[in-house]
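What follows is a single structure, written as structure tokens, with notes after it.
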Amino acid sequence: MGKSSKSTTASHVLDRVLVLEMVRVTEAAAIAASNLIGRGDEKAADHAAVEAMRQAFDELYIDGTVVIGEGERDEAPML
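According to the numbering used here, the stretch in the sequence shown is residues 523 to 601, in order.
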């Protein structure tokens with residue numbers, strides 16, 4: 523196995539780990555928002571999801587900029 527193969531494999535493993543961490547962030551947001559299902563308060567659900575995402579991101583050892591949002595569909599200043 524050459525050096526190129528090893529670095530490709532290592533990169534693949536790191537990509538997989540990062541993807542799984544992003545899944546955990548998404549799950550945290552979904553679970554937080556699901557606690558507000560049926561209450562008719564979309565802004566509270568958005569807020570809960572955003573706060574859960576922030577907490578989940580704080581647990582990750584990454585250095586970068588996260589860009590999220592819904593575009594112009596609705597006003598969501600917390601995003």
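Beta carbons are placed, not taken as given, at the ideal position from N, Cα and C, and that holds for glycine.
Check                                                                  : Outcome
Cα-Cα separation between Lys565 and Ala550, rounded to whole angstroms : 17 Å
C-beta neighbour in chain C for Asp580, strict 8 Å                     : Considering every chain present, this structure includes no chain C. It has just one protein chain.
Buried/exposed call for Asp585, threshold 16 Cβ in 10 Å                : exposed
Where the alpha helix (DSSP H) through Glu564 begins and ends          : Glu564 to Asp580
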